[in-house]
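Heads up: take any position in the sequence shown, counting from 1, add 7, and you land on my numbering.
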Amino acid sequence: MDIDLILDDLVEHGFTIVPQFLESSEVHILASAMQERRDLFYPAGIGRKEGHIVQEQIRGDNICWIDANDPIAARALSQLDELKQSLNAALYLGLDELECHFAAYPAGSFYARHLDQHRGEDSRVVTVVLYLNPEWTEQDGGELRLYLDEHRHLDILPQGGKLVIFLSNRFEHEVLISQRERLSLTGWFRRRSM
Ligand SMILES: O=C(O)CCC(=O)C(=O)O
Ligand SMILES: [Fe+2]
């Protein structure tokens with residue numbers, strides 16, 4: 008992980024892609040640990056609290072929240088913590104906790120275009136998505152489509168070990184239909200509450 012490159016990219020573009028954030032052996036370990044928790048996954052909803060509803064026409068993934076101290080994801084979480092410290096030191100983002108969950112998109116599912124901040128709430132500052140799919144190809148679909156502005160978007164394949172980082176309030180994005188099960192760890196660095 009070249010931290011200077013990450014910081015430069017975030018300052019200049021607001022997002023960056025780290026192709027090999029996690030080694031492939033670690034991706035395997037994390038993906039199989041995730042499979043062991045499969046009975047704890049449930050359909051993801053949209054909105055918070057009373058507004059929370061499950062709508063497969065919007066998002067079809069199943070999720071399982073991960074505690075920051077959970078040994079299941081120790082390696083990935085400690086690397087993400089290092090990243091957070093660098094972001095704070097260089098960019099003064101004041102990032103505090105990482106809120107994160109595993110996500111599994113069954114074949115045929117997707118997540119429609121959205122922004123990662125809930126209405127009236129701006130505590131999610133930086134979104135990180137770490138993919139856990141070894142040997143993912145273009146035929147498998149499931150790209151993360153990041154809308155850069157009104158006219159341009161970027162499609163990112165969810166290949167194992169890759170980390171995508173972007174400013175949560177800046178980029179609308181969607182997950183295109185996946186042709187096979189698509190696994191990830193998604194997190195949000197939150198701002199310290201005043
Ligand atoms: O898995 C991805 O590529 C993005 C997931 C996402 O947008 C979300 O969980 O908010
Ligand atoms: Fe999102």
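Idealized CB from N, CA, C, for every residue including glycine.
How would you label residue 159, buried or exposed, when you count the other beta carbons within 10 angstroms and need 16 or more for buried? By one-based count along the sequence shown, residue 159 stands at place 152. The residue is exposed, with fewer than 16 neighbouring Cβ atoms inside 10 Å.
Proximity to residue 68 [Cα-Cα], best of 90, 52 and 81: Position 61 of the sequence shown, counting from 1, holds the residue named residue 68. The residue with the shortest Cα to Cα distance from residue 68 is 52.
Roughly how many angstroms lie between the CA atoms of residue 26 and residue 192, to the nearest whole one? Working through the sequence shown from its first residue, we reach residue 26 at position 19. Working through the sequence shown from its first residue, we reach residue 192 at position 185. C-alpha separation (whole angstroms): 15 Å.
From 128, 174 and 164, pick the residue whose C-alpha is nearest to that of residue 152; which is it? Mapped onto the sequence shown, residue 152 falls at position 145. The residue with the shortest Cα to Cα distance from residue 152 is 164.
Contact between the region 165 to 172 and the region 102 to 110 is defined here as three or more beta-carbon pairs at a separation below 8 Å; is this criterion met? Output reads no: the region 102 to 110 does not touch the region 165 to 172.
In the DSSP assignment, find the unbroken alpha helix (DSSP H) run with residue 119 in it and report its ends. Taking the sequence shown and counting its residues from 1, the one referred to as residue 119 is at position 112. Not the alpha helix (DSSP H): residue 119 falls in the beta strand (DSSP E), residues 118 to 121.
Counting only runs of 4+ residues fully inside the region 85 to 159, write out the alpha helix (DSSP H) ranges in chain order. For secondary structure counted as the alpha helix (DSSP H) over 4 or more consecutive residues, the region 85 to 159 holds no complete run.
Using beta-carbon positions only, say whether residue 98 and residue 175 come within less than 9 Å of one another. Locating residue 98 in the sequence shown gives position 91, counting from the first residue. Locating residue 175 in the sequence shown gives position 168, counting from the first residue. In this structure, residue 98 sits away from residue 175, with a CB-CB distance that is not shorter than 9 Å.
Measure from the alpha carbon of residue 16 to the alpha carbon of each residue in 116, 94 and 146, then state which is nearest. Here residue 16 refers to the residue found at position 9 when the sequence shown is read from its first residue. For the set 116, 94 and 146, the Cα lying nearest the Cα of residue 16 is the one of 94.
Taking just the CA atoms, how far does residue 141 sit from residue 32? As a position in the sequence shown, residue 32 is number 25, starting the count at 1. As a position in the sequence shown, residue 141 is number 134, starting the count at 1. In a straight line, the C-alpha of residue 32 is about 10 Å away from that of residue 141.
Would you check whether ligand 2 has a heavy atom nearer than 8 Å to the C-beta of residue 118? The residue given as residue 118 occupies position 111 in the sequence shown. Within the cutoff, so yes.
With DSSP run on the structure shown, which of helix, strand or coil describes residue 164? Working through the sequence shown from its first residue, we reach residue 164 at position 157. DSSP places residue 164 in coil when its eight states are reduced to three.
If residue 149 sits next to residue 189, beta carbons under 8 Å apart, how far is it from one beta carbon to the other, in whole angstroms? Sequence index remark: in the sequence shown, residue 149 carries index 142 (1-based). Sequence index remark: in the sequence shown, residue 189 carries index 182 (1-based). At roughly 4 Å, the Cβ-Cβ gap stays under 8 Å, so residue 149 and residue 189 are in contact.
Extent of the continuous beta strand (DSSP E) run through residue 171: Taking the sequence shown and counting its residues from 1, one reaches residue 171 at position 164. Residues 170 to 174.
Under 9 Å, do residue 18 and residue 87 count as touching if we go by C-beta distance? In the sequence shown, counting from the first residue as 1, residue 18 sits at position 11. In the sequence shown, counting from the first residue as 1, residue 87 sits at position 80. Not closer than 9 Å, so no.
Judging by CA-CA distance, which residue of 133, 45 and 184 is the nearest neighbour of residue 63? Position 56 of the sequence shown, counting from 1, holds the residue named residue 63. That would be 184, whose Cα lies nearest to the Cα of residue 63.
If you run the structure through DSSP and keep just helix, strand and coil, what is residue 203? No statement about residue 203 is possible, as the shown extent of the chain runs from 8 to 201 and does not include it.
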